[in-house]
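Numbering (UniProt numbering), first residue to last: 1 to 122.
Every residue, glycine too, gets a C-beta built ideally from N, C-alpha and C.
Since the model is a prediction, treat every value here as computed from it, not as a measurement.
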Amino acid sequence: MKIIKLTRGKNALVDKDVFERLSKHKWFFEDSGYPMTNIKEDGKWKKERMHYFIMEKKEGKIIDHINRNRLDNRKSNLRYATYSENFHNADISKRNTSGYKGVHWHKQTGKWRAMASLDGKQ
């Protein structure tokens, strides 16, 4: 395991085999919590997240941080996931008032309501 220094006093964890390649870029800590760098693609500058330098992009998939720590970019912590799978692994929203995923206050009945879905079905 190696450490890549970011801005704002943050560090990203990476595997030894990708450290040298990643070290060629200047990395910064973005408000989203991801380590980012700027790359020039087709003559235009764009931001790129560190985990996309470690695993290739796949159509219909995103790269999920298993332990939800966006600074832990070791291969053992990264996996391909669908948007739905990634959503299920996401932290609870800051706006959540129940403290539980899928539970919300139903104003009309004055009661808590739970909802769950799998493969697009409720």
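Subject >> Assumed close pair residue 133, Ile54 - CB separation to whole angstroms, cut-off 8 Å >> reply: Missing from the structure shown is residue 133; the chain here goes from 1 to 122 and no further.
**OP:** Using a threshold of 8 Å, state whether the C-beta atoms of Lys10 and Leu71 are closer than that.
**Re:** Looking up residue 10 in the sequence shown gives position 10. Looking up residue 71 in the sequence shown gives position 71. Closer than 8 Å, so yes.
Original post:
Taking three-plus beta-carbon pairs below 8 Å as touching, is the stretch 36–51 in contact with the stretch 97–105?
Top reply: no
**OP:** Return helix, strand or coil for Asn11, following the three-state DSSP convention.
**Re:** One-based indexing of the sequence shown puts residue 11 at position 11. The DSSP-derived three-state label of Asn11 is strand.
**OP:** Work out the CA separation of Asn86 and Ile3 for me, nearest whole Å.
**Re:** Position 3 of the sequence shown, counted from the start, is the residue given in the question as residue 3. Position 86 of the sequence shown, counted from the start, is the residue given in the question as residue 86. Distance between the alpha carbons of Ile3 and Asn86: 25 Å.
Subject >> Bridge-paired residues (DSSP) for Ala116 >> reply: The residue you call residue 116 lines up with position 116 of the sequence shown. The partner list for Ala116 (beta bridge, DSSP) is empty, contrary to what the question assumes.
Original post:
If you count every other CB in all the chains shown that lies within 10 Å of the CB of residue 123, and 16 or more means buried, which is it?
Top reply: Because the chain is modelled from 1 through 122, residue 123 falls outside the range shown and cannot be assessed.
Original post:
Does the beta-carbon of Asp64 have 16 or more other beta-carbons within 10 angstroms, so that it is buried, or is it exposed?
Top reply: Here residue 64 refers to the residue found at position 64 when the sequence shown is read from its first residue. Counting of Cβ neighbours within 10 angstroms places Asp64 among the buried residues, the total reaching 16 or more.
Original post:
For the alpha helix (DSSP H) that contains Lys16, what are its first and last residues?
Top reply: The count along the sequence shown starts at 1 and reaches residue 16 at position 16. First-last of the alpha helix (DSSP H) with Lys16: 16–23.
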